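Novice:
In UniProt numbering, the protein residues as written are 1 to 304.
(1) Is the segment 189 to 197 touching the segment 133 to 153 in the sense that three or more CB pairs, one from each, lie closer than 8 Å?
(2) Looking at the structure shown, is residue 161 part of a helix, part of a strand, or coil, going by DSSP?
(3) Output needed for residue 78: all residues of its chain with C-beta closer than 6 Å, excluding positions within five of it in sequence on either side, in chain order.
(4) Using CA atoms only, rank isn't needed, just tell me which of 250, 138, 124 is closest to residue 200.
(5) Short of 6 Å in beta carbon distance, which residues of its chain neighbour residue 69, apart from the five on each side in sequence? Order them along the chain.
(6) At what residues does the beta strand (DSSP E) containing residue 85 begin and finish?
(7) Please confirm whether residue 202 and residue 157 have their CB atoms less than 9 Å apart.
(8) Taking just the CA atoms, how far does residue 133 sit from residue 112?
(9) Find out if the Cβ-Cβ distance for the pair residue 160, residue 121 is shorter than 9 Å.
(10) Using a threshold of 9 Å, state whether the C-beta atoms of residue 88 and residue 63 are closer than that.
(11) Between residue 30 and residue 197, which are expected to be in contact by the criterion C-beta below 8 Å, what is the C-beta distance as a whole number of angstroms?
(12) What number of angstroms, rounded off, separates the C-alpha of residue 33 from the C-alpha of residue 169?
(13) Do you know offhand how far residue 43's Cα is from residue 163's?
(14) With 16 other CB atoms within 10 Å as the buried threshold, where does residue 272 fall?
(15) With a threshold of 16 other CB atoms inside 10 Å of the CB of residue 84, please say whether the residue is buried or exposed.
(16) Buried or exposed, going by whether 16 or more other CB atoms sit within 10 Å of the CB of residue 50?
(17) Suppose you measure from the CA of residue 45 to the CA of residue 86; what does that come to, to the nearest Å?
(18) Going by other Cβ atoms of all chains shown within 10 Å of its Cβ, with 16 needed for buried, is residue 40 buried or exposed?
(19) So the candidates are 100, 21, 254; which of them puts its Cα closest to the Cα of residue 81?
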């Protein structure tokens, strides 16, 4: 299945030749999808209302996403590695200025030039090494570092991309954060195979809240998922909240069920005070293992 991915067939400047560029821009369905994703990326930029902004379009191609920016009243400058795609854009007489360049070598603009940046279906190309000299992690870091410098403080960069696997997501997000960005991954329609879309939302300067994903009532972001995972691990290693009163109540409940007899000696009570109570079990052999696991689990993570 991965063999059908364009980035596995040829480098972008070769894959998007004149024939492919014309096909890409004449396919009605493809145009519709590109425009929809561009509109969503612009929405995630959270640009000021009633204000014309200058946006960098990375991997601008034939200018489809640039036209979406124009419709919102913004100006744009595009960068793309495919000369054939930029030629199509000129034929279409798009309004934005365009630069031929490899984003893996960085984007060279003055500091603070842009009020935001978008990229549609381009970022995954940097995860591949098309030449022996290409190291994906280094190229991603160079790109993100240069992008951060040319964005104004408080602005955003939004990338719609097609990660091949979780390792690519980790690679991309790690290099972005290393370069100095905040933010995370917003996944629209996470439960749909066809409609699912990945947006990397990068934030500059100050703490900002990631936008909510579409197609779910929950906050579906990779950033939230990673934080939750780390907190859960800390809770497991922390101090148990189940103290003496809870332990004694649990003993009484087990006595009433008649499954075991609990010895309330001084040692056990003292242990309960320290949240590491040891319970003496007197069980039939067949049931011992079952209740041992249940009781220890209920006493808290420290005793597992």
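Note that the Cβ used here is the ideal one computed from N, Cα and C, for glycine as well. It should be emphasised that the depicted structure is a prediction, and the values quoted were computed from it without experimental measurement.
Specialist: Answer, in terms of the structure:
(1) no
(2) Along the chain shown, one-based indexing puts residue 161 at 161. Looking at residue 161 - three-state DSSP - the assignment turns out to be strand.
(3) One-based indexing of the chain shown puts residue 78 at position 78. If we look at residue 78 and ignore the five residues flanking it on each side, its Cβ neighbours are 57, 60, 66, 96, 98.
(4) Here residue 200 refers to the residue found at position 200 of the chain shown. Comparing Cα-Cα distances from residue 200 to each of 250, 138, 124, the minimum goes to 124.
(5) In the chain shown, the residue the question calls residue 69 occupies position 69. Excluding sequence neighbours, residue 69 sits near 55, 76.
(6) Residue 85 sits at position 85 when you count from the first residue of the chain shown. No beta strand (DSSP E) contains residue 85, which is instead part of the alpha helix (DSSP H) from 83 to 91.
(7) Here residue 202 is taken as the residue at index 202 of the chain shown, counted from 1. Here residue 157 is taken as the residue at index 157 of the chain shown, counted from 1. Contact: yes.
(8) What you label residue 112 is simply residue 112 of the chain shown in a count that begins at 1. What you label residue 133 is simply residue 133 of the chain shown in a count that begins at 1. Whole-angstrom Cα-Cα distance: 30 Å.
(9) Position 160 of the chain shown, counted from the start, is the residue given in the question as residue 160. Position 121 of the chain shown, counted from the start, is the residue given in the question as residue 121. Taking 9 Å as the Cβ cut-off, residue 160 and residue 121 qualify as a contacting pair.
(10) Mapped onto the chain shown, residue 88 falls at position 88. Mapped onto the chain shown, residue 63 falls at position 63. Result yes, Cβ atoms of residue 88 and residue 63 sit closer than 9 Å.
(11) By one-based count along the chain shown, residue 30 stands at place 30. By one-based count along the chain shown, residue 197 stands at place 197. Contact doesn't hold; Cβ gap of about 15 Å is too wide.
(12) The residue labelled residue 33 in the question sits at position 33 within the chain shown. The residue labelled residue 169 in the question sits at position 169 within the chain shown. Going from the Cα of residue 33 to the Cα of residue 169 covers about 22 Å.
(13) Counting from one through the chain shown, the residue named residue 43 turns up at place 43. Counting from one through the chain shown, the residue named residue 163 turns up at place 163. Going from the Cα of residue 43 to the Cα of residue 163 covers about 21 Å.
(14) Along the chain shown, read from residue 1 onward, the residue named residue 272 stands at position 272. The predicted position of residue 272 is uncertain, since its pLDDT is 47 and thus under 50; a value taken from the coordinates is nonetheless stated next. With 16 or more Cβ atoms within 10 Å of its Cβ, residue 272 is classed as buried.
(15) As a first step, residue 84 is located in the chain shown; it is residue number 84 there, counting from the start. Answer is buried; the Cβ neighbour count reaches 16.
(16) In the chain shown, the residue the question calls residue 50 occupies position 50. Residue 50 is exposed by the Cβ-count criterion.
(17) Reading the chain shown from its first residue, position 45 is the one you call residue 45. Reading the chain shown from its first residue, position 86 is the one you call residue 86. Rounded to the nearest angstrom, the two C-alpha atoms are 24 Å apart.
(18) Looking up residue 40 in the chain shown gives position 40. Its Cβ being crowded by 16 or more others within 10 Å, residue 40 is buried.
(19) Counted from its first residue, the chain shown places residue 81 at position 81. Looking at the Cα atoms, 100 is the closest of the given residues.
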